[in-house]
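Enquirer: Protein chains in written order, with the working numbering: chain A, 41 to 393; chain B, 41 to 393. The beta-carbon is built from N, C-alpha and C at its ideal position, and this holds for glycine as well. Here the structure is a predicted model, which means the values were calculated and not measured.
2 protein chains.
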Amino acid sequence: MTKFWSEMAKRAEPYVPGEQINKENIIKLNTNENPYPPSPHVITAITNEVGNNLRLYPSPTMEGLRTTIAAYYNVTKENVFVGNGSDEVLAFSFMGFFDPGKTILFPDITYSFYPVYAQVFDIAYKTIPLQADFTMDVEAFFNSEGGVIFPNPNAPTSLYLGLDDIEAIVEHNEDNIVVVDEAYIDFATESAVSLTKKYDNLLVIQTMSKSRALAGLRIGFVIGNEELIAALIRMKDSFNSYPVDRLALAGATTAIQDDDYFQWTTQKIITTRERTRQTLTSLGFHVLPSAANFVFATHETMPAKALYEQLRERDILIRYFGTEPIENYVRISIGTDEEMDMFIEAVTEIIER
Amino acid sequence: MTKFWSEMAKRAEPYVPGEQINKENIIKLNTNENPYPPSPHVITAITNEVGNNLRLYPSPTMEGLRTTIAAYYNVTKENVFVGNGSDEVLAFSFMGFFDPGKTILFPDITYSFYPVYAQVFDIAYKTIPLQADFTMDVEAFFNSEGGVIFPNPNAPTSLYLGLDDIEAIVEHNEDNIVVVDEAYIDFATESAVSLTKKYDNLLVIQTMSKSRALAGLRIGFVIGNEELIAALIRMKDSFNSYPVDRLALAGATTAIQDDDYFQWTTQKIITTRERTRQTLTSLGFHVLPSAANFVFATHETMPAKALYEQLRERDILIRYFGTEPIENYVRISIGTDEEMDMFIEAVTEIIER
Numbered sequence: 041m042t043k044f045w046s047e048m049a050k051r052a053e054p055y056v057p058g059e060q061i062n063k064e065n066i067i068k069l070n071t072n073e074n075p076y077p078p079s080p081h082v083i084t085a086i087t088n089e090v091g092n093n094l095r096l097y098p099s100p101t102m103e104g105l106r107t108t109i110a111a112y113y114n115v116t117k118e119n120v121f122v123g124n125g126s127d128e129v130l131a132f133s134f135m136g137f138f139d140p141g142k143t144i145l146f147p148d149i150t151y152s153f154y155p156v157y158a159q160v161f162d163i164a165y166k167t168i169p170l171q172a173d174f175t176m177d178v179e180a181f182f183n184s185e186g187g188v189i190f191p192n193p194n195a196p197t198s199l200y201l202g203l204d205d206i207e208a209i210v211e212h213n214e215d216n217i218v219v220v221d222e223a224y225i226d227f228a229t230e231s232a233v234s235l236t237k238k239y240d241n242l243l244v245i246q247t248m249s250k251s252r253a254l255a256g257l258r259i260g261f262v263i264g265n266e267e268l269i270a271a272l273i274r275m276k277d278s279f280n281s282y283p284v285d286r287l288a289l290a291g292a293t294t295a296i297q298d299d300d301y302f303q304w305t306t307q308k309i310i311t312t313r314e315r316t317r318q319t320l321t322s323l324g325f326h327v328l329p330s331a332a333n334f335v336f337a338t339h340e341t342m343p344a345k346a347l348y349e350q351l352r353e354r355d356i357l358i359r360y361f362g363t364e365p366i367e368n369y370v371r372i373s374i375g376t377d378e379e380m381d382m383f384i385e386a387v388t389e390i391i392e393r
Numbered sequence: 041m042t043k044f045w046s047e048m049a050k051r052a053e054p055y056v057p058g059e060q061i062n063k064e065n066i067i068k069l070n071t072n073e074n075p076y077p078p079s080p081h082v083i084t085a086i087t088n089e090v091g092n093n094l095r096l097y098p099s100p101t102m103e104g105l106r107t108t109i110a111a112y113y114n115v116t117k118e119n120v121f122v123g124n125g126s127d128e129v130l131a132f133s134f135m136g137f138f139d140p141g142k143t144i145l146f147p148d149i150t151y152s153f154y155p156v157y158a159q160v161f162d163i164a165y166k167t168i169p170l171q172a173d174f175t176m177d178v179e180a181f182f183n184s185e186g187g188v189i190f191p192n193p194n195a196p197t198s199l200y201l202g203l204d205d206i207e208a209i210v211e212h213n214e215d216n217i218v219v220v221d222e223a224y225i226d227f228a229t230e231s232a233v234s235l236t237k238k239y240d241n242l243l244v245i246q247t248m249s250k251s252r253a254l255a256g257l258r259i260g261f262v263i264g265n266e267e268l269i270a271a272l273i274r275m276k277d278s279f280n281s282y283p284v285d286r287l288a289l290a291g292a293t294t295a296i297q298d299d300d301y302f303q304w305t306t307q308k309i310i311t312t313r314e315r316t317r318q319t320l321t322s323l324g325f326h327v328l329p330s331a332a333n334f335v336f337a338t339h340e341t342m343p344a345k346a347l348y349e350q351l352r353e354r355d356i357l358i359r360y361f362g363t364e365p366i367e368n369y370v371r372i373s374i375g376t377d378e379e380m381d382m383f384i385e386a387v388t389e390i391i392e393r
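Encoded structure:
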């Protein structure tokens, strides 16, 4: 720290992303990436765009991609905002809808970037403890002072909250915004997008980093009431007029259009997840019922930290948080069937040793 | 506006980017893009990366690109920060170094995004009028309360401020940060990067959107003291861990490495600029001595607004601002020789009609 840092820089408590290790043949089950590549049509669309006008600025309004997303979700482009990954979209949401001095609510076990945004933008927050079974205490999110944000499915618990419960939270926060962060929703049952037509205080955030296998391209989007989207556009145009580059716009548009590939890979991951969950259960793990592309698990005898470390020695990365009340849990991203077989083989050896 | 907007959303006065018109055969001299494509090696590097791991997050630390930039500018990677275009980098600089309640200084005629950042982050600012010849009044920037920011060359005036003057401003702001926004520096003489080794309160921002022809890819960077770069990294990691995607990292790295192509296209643009300036002068324009990839000009009889409008009717776009004291000036980006010939032909017809 130097005397030159602003108050904002001094108070910031930055996010720490999952490990990115550059090593061949590592089995990387620690950052919830998709084990399958993006659609071949996405690769073609980007390749076609590469030689074409990279010298020119991209569209600042991103109308093409917004129209494509809108058609897919049966809304209009005025209901859609696009940003440079859902993290940027979350940042603009904190900027556009939450105020210093009005306390917002989010779960105590959740995406660890929320307190980082609150800290940097000086938003007061209160965390609501999850219940003993890690489900959300829905009524505790009623009547917030400044707004509500939570992921659905929640991370890292993988648990899905039904639309009735979400609707109850939205109804009981009629003067404030409720942000539902659906990063993993495509691996669950039903999105809250349908509720955005009924409620003008609900924002639904999604990402192309997980189910659409484009973490490396950085695309997040939001669906909500036109007046809320207008606020996000104001935030973008006060920060960076062109947050999404030409190649990302081309790839993301095609990723939405190739629905067959999306359905096929998503279903494969869900099938592998259920098989993994059953196998882990048979090995003495308690595995939460997952609605995401990862599972959250604890073993009856093997400490989570030792499991994490011993897997790491075998070049298998999973995520260990080490904080109460999840200090004995690990989060395991779902890889290919082959990767999960190698993971299960390693876990079996470690446990039985 | 709705009751749901934050105070920040309400007070924002968003930036309005130059027109992006999707029309074939338009001559686009309005947003200072490079008329030449990026290096063929950049296209190859991106094409090679497309099929490769887009499903995985990019490097959050961007060490590869930072090391490449550092080697080019003879600094270390700890002196380099990279962001999603220089607009994002400017936003992080406002967040990381300027504080509400401490007035910052910038010229009254300058990049129109500065007051937007100040407004959204609630930073008080005072604008220093340019002198009658549009040069900066250097001493008026001494002893700021909260910091200084200006482009060099300045936009839209195209005028270059010498390093002696920059050093004087930096020396007379020893308790505050001076940000020199060098978006157009490669078309001028000398960068202030060399001064960052001597002064711990100087940040130099550059972009790959202009001289490196990658506006469509979104890459900006900063060179400065390690402690200042650390503050920018904190801002990034409190906002978006992965602001630069895999394809942009690959393309930007190669763009720095292919110095021959960069030197060749930059020199061509400078040659075309000087030729354009001479021709415009012979047509009765006063053209400021440009150190950028655009010229700033006013005609002795033809009003700027009429010129802008009549060129637009002929599908030639230039930038007209229409505000005092530059209401009779136009900004003309330098295109290819062929584009500038067509531009000059059209201007000649309009003036002589």
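Whose Cβ in chain A lies nearer than 9 Å to the Cβ of W45 (chain B)?
Expert: Correct list: G136, F137, E267, L268, A270, A271, R274.
Enquirer: Can you tell which of B:Y55, B:E128, B:K308 has the C-alpha that lies nearest to the C-alpha of N333 (chain B)?
Expert: Closest option to N333 (chain B), Cα to Cα, is B:K308.
Enquirer: Might you give, ordered along the chain, the residues of its own chain that have their beta carbon closer than 7 Å to the beta carbon of A255 (chain B), omitting 5 neighbours on each side?
Expert: The answer, listed in chain order, is E73, S249.
Enquirer: Starting from the beta carbon of Q60 (chain B), find every residue of chain A whose beta carbon is closer than 9 Å, and list them in chain order.
Expert: Residues of chain A passing the Cβ test: L96, Y97, P98, S99, P100, T101.
Enquirer: Less than 8 Å between CB atoms is the rule here; does L257 (chain A) satisfy it with respect to chain B?
Expert: Closer than 8 Å: yes.
Enquirer: Where DSSP assigns a beta bridge to A337 (chain B), which residues make up the other side?
Expert: B:V327, B:V370, per the DSSP bridge assignment.
Enquirer: So A85 (chain B) and T236 (chain B) are in contact, right, with Cβ under 8 Å, and what is the actual spacing, rounded?
Expert: Not a contact, Cβ separation roughly 28 Å.
Enquirer: DSSP state of P308 (chain B), grouped into three classes?
Expert: Looking at the sequence shown, residue 308 (chain B) is not Pro but Lys. Looking at K308 (chain B) - three-state DSSP - the assignment turns out to be helix.
Enquirer: Check the Cβ-Cβ distances between M48 (chain A) and every residue of chain B, and say whether any is below 8 Å.
Expert: Judged by the 8 Å Cβ criterion, M48 (chain A) is in contact with chain B.
Enquirer: Could you tell me if V56 (chain A) is buried or exposed, where buried requires 16 or more neighbouring beta carbons within 10 angstroms of its beta carbon?
Expert: So V56 (chain A) ends up on the exposed side.
Enquirer: Quick check on G362 (chain A): buried or exposed, where buried means 16 or more other Cβ atoms within 10 Å of its Cβ?
Expert: When all chains shown are included, G362 (chain A) counts as exposed.
Enquirer: Pull out every residue of the stretch 295-325 of chain B whose Cβ sits closer than 9 Å to any Cβ of chain A, in chain order.
Expert: Per Cβ criterion, the list is empty.
Enquirer: Could you compute how far the alpha carbon of Q297 (chain B) sits from the alpha carbon of T108 (chain B)?
Expert: Q297 (chain B) and T108 (chain B): Cα-Cα distance of roughly 8 Å.
Enquirer: Between S251 (chain A) and I374 (chain A), what straight-line distance do the alpha-carbon atoms span, to the nearest angstrom?
Expert: Cα to Cα, S251 (chain A) sits roughly 12 Å from I374 (chain A).
Enquirer: Suppose you measure from the CA of E53 (chain A) to the CA of R317 (chain A); what does that come to, to the nearest Å?
Expert: One C-alpha to the other measures close to 35 Å.
Enquirer: Step through the CB atoms of chain A and report whether any lies within less than 8 Å of the CB of R286 (chain B).
Expert: Chain A contact via Cβ: present.
Enquirer: What span of residues does the beta strand (DSSP E) with F261 (chain A) cover, start to end?
Expert: Here the beta strand (DSSP E) through F261 (chain A) covers 260-264.
Enquirer: Strictly below 7 Å CB to CB, what residues from chain B border A131 (chain A)?
Expert: Result: F279, N280.
Enquirer: Express the C-alpha separation of G264 (chain A) and K117 (chain A) in angstroms, rounding to a whole number.
Expert: Answer to the nearest angstrom: the Cα atoms are 10 Å apart.
Enquirer: Select from B:D240, B:V335, B:E378 the residue whose C-alpha is nearest the C-alpha of Y360 (chain B).
Expert: For the residues B:D240, B:V335, B:E378, the minimum Cα distance to Y360 (chain B) belongs to B:V335.
Enquirer: Please list the residues of the stretch 223-255 of chain B that have a C-beta atom closer than 7 Å to any C-beta atom in chain A, keeping them in chain order.
Expert: For the stretch 223-255 of chain B, which is checked against every Cβ of chain A, the residues closer than 7 Å are N241, A253, L254, A255.
Enquirer: Could you tell me which of B:E367, B:E353, B:G260, B:E267 sits nearest to P196 (chain B), measuring between CA atoms?
Expert: Residue B:E367 is the option with its Cα nearest to P196 (chain B).
Enquirer: Helix, strand or coil: which one does DSSP assign to L145 (chain B)?
Expert: L145 (chain B): strand per DSSP, three-state reduction.
Enquirer: By how many angstroms is the C-alpha of T305 (chain B) removed from the C-alpha of H81 (chain B)?
Expert: Distance between the alpha carbons of H81 (chain B) and T305 (chain B): 14 Å.
Enquirer: Within this structure, are the beta carbons of L199 (chain B) and F174 (chain B) separated by less than 8 Å?
Expert: Yes, the Cβ-Cβ distance between L199 (chain B) and F174 (chain B) is below 8 Å.
Enquirer: At a CB-CB cut-off below 9 Å, which residues of chain B make contact with I149 (chain A)?
Expert: In chain order: nothing, as chain B lies at least about 20 Å away.
Enquirer: Under the DSSP definition of a beta bridge, which residues are partnered with L243 (chain B)?
Expert: DSSP, once it has assigned bridges, lists B:V219, B:G264 as partnering L243 (chain B).
Enquirer: State the Cα-Cα distance for the pair N70 (chain A) and I83 (chain A), rounded to the nearest angstrom.
Expert: Whole-angstrom Cα-Cα distance: 25 Å.
Enquirer: With a threshold of 8 Å between beta-carbons, can Y76 (chain B) be considered close to chain A, or not?
Expert: Taking Cβ atoms only, chain A reaches closer than 8 Å to Y76 (chain B), which makes this a yes.
Enquirer: Count the other CB atoms, across all protein chains shown, that sit within 10 Å of the CB of G324 (chain B); report buried if there are 16 or more and exposed otherwise.
Expert: Exposed.
Enquirer: Secondary structure at F190 (chain B), three-state DSSP: helix, strand or coil?
Expert: If DSSP states are grouped into helix, strand and coil, F190 (chain B) belongs with the strands.
Enquirer: Can we say the stretch 133-145 of chain A touches the stretch 156-167 of chain A, given the rule of at least three CB pairs closer than 8 Å?
Expert: Segments in contact, yes.
Enquirer: Near Y282 (chain A), what residues of its chain come up, given a Cβ to Cβ distance below 7 Å and the 5 sequence neighbours on each side ignored?
Expert: Excluding positions up to five away in sequence, the list reads Y97, P98, P100.
Enquirer: 8 Å is my cut-off, CB to CB: does T71 (chain A) come that close to chain B?
Expert: Closer than 8 Å: yes.
Enquirer: Comparing C-alpha positions only, which one of A:F261, A:V219, A:R258 sits nearest to L243 (chain A)?
Expert: Taking only the C-alpha atoms, the option nearest L243 (chain A) is A:V219.
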